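In the working numbering, the protein residues as written are 391 to 657.
Encoded as structure tokens, the structure appears first; notes follow it.
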Amino acid sequence: MTDAVFGAVPVGVGAIVVGTFPLASGQWFVPHSHPQHQLAWARRGVLGVAVGDAYWVLPRTRALWLPAGVVHRTGATRDAVLCSLYFAPDRCDLDWTEPTPVGIDGLLAHLIAYLGDEQLPDGARLRAEAVVLDLLRPLPATPIDVPGASDDRVRAVADALLADPADARSLEAHARDAGVSRRTLTRLFVRDTGMNFDRWRTHVRLRAALPLLAEGQPVSRVAHAVGYATPSAFLAAFRRTVGTSPGQYLGGGASFEEAGGSGRAAR
């Protein structure tokens, strides 16, 4: 875990301050919130953002809007660069009250880099900010929730599956290892997580798959890595759970060239 800065983001002439933060593989900021709205985007690599049990994977074609005050964790499964835009609530017309995925196309990516120039004249900055706000469009997307468990027996099973989503053991086998009957574990799983065992395991597998897919790994390899015998079985589970294909879920915007940029702000 990495400490986060909780103080106010430096005030600029406009409504937006841009910050850039390199993240090493496996590095996560501790849970925190900001007094500003935040748009979290992977300038390079792939990010993960968790809000409670909800989890979003962010390739370079999508960002996540986080309303002011929302407690979240941000990190990376591989080396990445987090680019954060911080919006002063009293100078921002957007009124999204929930975490909201946003598509990032080439124009928006270059505008973000442009606003990261601290030497940008005030007039140019204000004009660019107005275009950024016009370009922010929500994407229809369902976060993949993996509720935690409080019962020790359920947590032991959950921890095993989180450590190895491809674990193919049946509910009966997990129940034996946990020292309870299948019926008892079934009841405890629903009570603790709000999901039955099969649905919860599917969510774990899909959440583990998304960073791999966002990195460009083939569906066949990803499907096997998270416990599916065939790519078609994985794709069917994804569509059944999320309502769309992995490509559509992760797409969110047109491809674009690498955008530069720098800035300073709290994480």
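By construction, the Cβ of each residue, glycine as well, lies at the ideal position given by its N, Cα and C atoms.
Keep in mind that this is a model prediction, so the values were computed, not measured.
Discussion item. So, does the segment 441 to 457 touch the segment 403 to 419, judging by three or more C-beta pairs under 8 Å?
Written reply: no
Worksheet item: Using a Cβ-Cβ cut-off of 6 Å (strictly less than) and excluding sequence neighbours within five positions of A599, which residues of its own chain qualify?
Response: V612 and V616
Worksheet item: Which whole-angstrom value is the C-beta distance of L529 and P491, which I expect to be below 8 Å?
Response: 4 Å
Worksheet item: From what residue to what residue does the beta strand (DSSP E) around T464 run?
Response: R463 to G465
Fill in: Bounding residues of the alpha helix (DSSP H) (the contiguous stretch that carries R517)
D512 to L525
Item to complete: Quick one: give me the first and last residue of the beta strand (DSSP E) that G606 is part of.
Response: Unbroken run through G606: none, as it is neither H nor E.
Worksheet item: When the Cα atoms are used, what is the spatial distance from F587 to L501?
Response: 45 Å
Worksheet item: Roughly how far, in whole angstroms, is the beta-carbon of L498 from the beta-carbon of V522, given that I think they are within contact range, below 8 Å?
Response: 7 Å
Discussion item. Tell me which residues share the same chain as R527 and place their Cβ nearer than 7 Å to its Cβ, disregarding the 5 neighbours each side in the sequence.
Written reply: V492 and G493
Discussion item. On the DSSP bridge list, what partners appear for L596?
Written reply: L596 pairs with nothing; no bridge assigned.
Worksheet item: Mapping DSSP to helix, strand and coil, what is Q428?
Response: strand
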